[in-house]
Amino acid sequence: MFINIFYLSLVQITNYVFPLITLPYLVRVLGVSQFGGVMLAQAVIQYCIIITDYGFNLSATKKITLANGKDNINSIYTSTFYARLLLSFLCLCAILILIYCFGLFYEQRDVILVMFIGVIGNCLFPIYLFQGLELMRNIAWISICSKTLMTILTFLLVRNSGDIINAAIVLTLPLLIPGVIAHFYIKKEKIATLNKVDISSVFNELKESAPLFISQVSISFYTTFNTLILGYFYSPTMVGLYSAADKLRVAVQSCYIPIQQVIFPKMNKENGTVGHKLFKYGGPFLIVSFFGSILVFVFGQKLATMYLGEDFSSSAILFKWMSILLFVIAVAIVYGQWGLITLGKEKTLTKIYVTGAFLHLFYTIPLMEKYSIFGMLTSVIITELVITFLMIIFFYIELRKIKSYLK
């Protein structure tokens, strides 16, 4: 377990530390407005990635973890792979419609289309396969090398505010390169084999993962969608200010991901009650995340101002208050992904996320119109608190049902 956590940690360090090296450079060279334009395009691409991932990183990982024999693994890999390709084609069609129907997206059309190449690369990278087989060490160095290349090329190719396309290309490489290499690595090492596609199995995979997909889309309404709302009601400048703070928050939060990805298969595979396993793994995780949140609240604003520059002073204030989200999201991981999904209550989790998304859309625009980017952050904090509270309640309801049944 600790070996996999180490390699996943290494991947996450490169995923966020290297971009953190380039972030202050990009915001200064591109300027707030152009940087906001890139972030707006990245939000569109992030939606495509959410759609093509379709919850497979949880559902397919769980299936492969429990799979009996190579044939079963090949079948899961094949149906998931082609399902993601189908979804990527549908995403491209949707993007073309958006570009030519809405001026907001038409202005960033070149950046969006360049960055869409990364969606294809992401489809070629089956992280669910490596997670399920606990082979993350095998592909860790691919990610590290691609992020290193991205960092170097950022300083070489992005030299002024006119290099926005170069910035888009550089940001796409970490998705494209690992996907291509991983695809051929799987074939060479015979980790899994793509069989003849069975259309019925592809649609069955989509059907089974639909609850998790709806959950992810619902989550995006109070995360990724915020960027699009700011761009629509305000300007790329506001998008740039909010995105800069959020990127810092995501970078800190990325420390959760290696633990999250390693513990999830163990919650499904290890013997013992869910309550016992949740206490065993969730307790230490929550303690660490709580103290991490305190540190960000105390030191975050000053560090963010030094890091981003005086032009992003509003971003620094946002980052300080985003520390609340760091702990709340950690609690949600424990009771949602580790708890409810392990209990087989994906549909319950989906209903919680849909409820949160609906509530968020109800109050986010009024708060944003009155308090700008600070109103947006307030709405996100409220939504995360409501969702996490519901997760805790429903987890203990389901746990009590199991205990009553066993009696």
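Going left to right, the sequence shown walks through residues 1 to 407 as my numbering numbers them.
Using N, Cα and C, we set each Cβ at its ideal position, and we do this for glycine too.
This one's a predicted model, so the numbers in the text were calculated from it and none came from an experiment.
Query, Result
"Rounding to the nearest angstrom, what Cα-Cα distance links S146 and L153 in this structure?", "11 Å"
"Given that a residue counts as buried once 16 or more other Cβ atoms are within 10 Å of its Cβ, and exposed if not, what is S161?", "exposed"
"Relative to the alpha-carbon of S33, which residue among R159, F18, T52 and I164 has its alpha-carbon at the smallest distance?", "I164"
"Report the residue from L96, Q42 and M376 whose alpha carbon sits nearest the alpha carbon of L361.", "M376"
"Starting from W321 and walking both ways along the alpha helix (DSSP H), at which residues does that stretch end?", "S313 to W321"
"Got a sec, what are the start and stop residues for the alpha helix (DSSP H) V180 sits in?", "I164 to E189"
"Please confirm whether F264 and T342 have their CB atoms less than 9 Å apart.", "yes"
"Quick one: residues in its chain with C-beta nearer than 8 Å to the C-beta of A332, no 5 flanking neighbours on either side, listed in chain order?", "E384, I387, T388 and M391"
"What's the C-alpha gap between L96 and L212?", "26 Å"
"Any contact between the stretch 311–320 and the stretch 234–245? By contact I mean 3 or more CB pairs, one from each, below 8 Å.", "yes"
"Going by beta carbon distance, what residues of the same chain come within less than 8 Å of T223, once the five residues before and after it are set aside?", "V380"
"Under 9 Å, Cβ to Cβ, is there at least one residue of chain C near K347?", "Among the chains in the structure shown there is no chain C, since it carries only a single protein chain."
"How long is the line joining the alpha carbons of L340 and V158, rounded to whole angstroms?", "45 Å"
"Take T80 and list the residues in its own chain whose beta-carbon comes closer than 6 Å to its own, dropping the five residues that flank it on each side.", "F56, A60 and E205"
"In terms of residue numbering, what span does the alpha helix (DSSP H) encompassing Y126 cover?", "Before going on, a small fix: residue 126 reads as Pro here, not Tyr. No alpha helix (DSSP H) holds P126; DSSP gives it neither H nor E."
"Using CA coordinates, which residue listed in N195, V217 and N15 is at the minimum distance from Y353?", "V217"
"Sorted by chain position, which residues of the same chain lie with C-beta nearer than 7 Å to Q108's C-beta, five sequence neighbours on each side aside?", "G37, L40 and A41"
"Among the candidates T172, T350 and S209, whose CA atom is the shortest distance from the CA of L87?", "S209"
"Should A43 and L228 be called a contact, given that it needs their Cβ atoms to be closer than 9 Å?", "yes"
"Under 9 Å, do Y77 and T151 count as touching if we go by C-beta distance?", "no"
"Could you check whether I127 and T450 sit closer than 9 Å to each other, using their CB atoms as the reference points?", "Nothing about residue 450 can be read from this structure; the chain reaches only from 1 to 407."
"Taking the alpha-carbon positions, what's the K351 to I45 distance?", "25 Å"
"Using beta-carbon positions only, say whether G31 and N122 come within less than 9 Å of one another.", "no"
"Relative to the alpha-carbon of K187, which residue among L124, I21 and L149 has its alpha-carbon at the smallest distance?", "L124"
"In whole angstroms, give me the CA-to-CA distance for G292 and A330.", "11 Å"
"Compare the Cα-Cα distances from F221 to each of T148, I324 and T364 and report the closest residue.", "T364"
"Which same chain residues end up closer than 8 Å to P24 when comparing Cβ atoms and leaving out the 5 residues on each side of it in sequence?", "Y307, L308 and G309"
"Any heavy atom of the ligand MG closer than 8 Å to the beta-carbon of I21?", "This structure simply doesn't include the ligand MG, nor any ligand for that matter."
"Note down, one range per segment and in chain order, each alpha helix (DSSP H) of at least 4 residues found wholly within the stretch 276–345.", "313–321 and 323–332"
"Between I324, T237, F130 and I393, which lies nearest to K63 when the distance is taken from Cα to Cα?", "F130"
"Can you give me the C-alpha to C-alpha distance between F233 and L399, rounded to a whole angstrom?", "44 Å"
"With L326 and V296 assumed to form a contact (beta carbons below 8 Å), what rounded beta-carbon distance in angstroms separates them?", "6 Å"
"So, with DSSP's three-state summary, where would you put T223?", "coil"
"Determine whether the beta carbon atoms of I393 and L359 lie at a separation below 9 Å.", "no"
"Rounding to the nearest angstrom, what Cα-Cα distance links S143 and L135 in this structure?", "14 Å"
"Contact check, Y54 vs V197 under 8 Å by CB: the rounded distance?", "Contact flag wrong, Cβ pair sits at about 17 Å."
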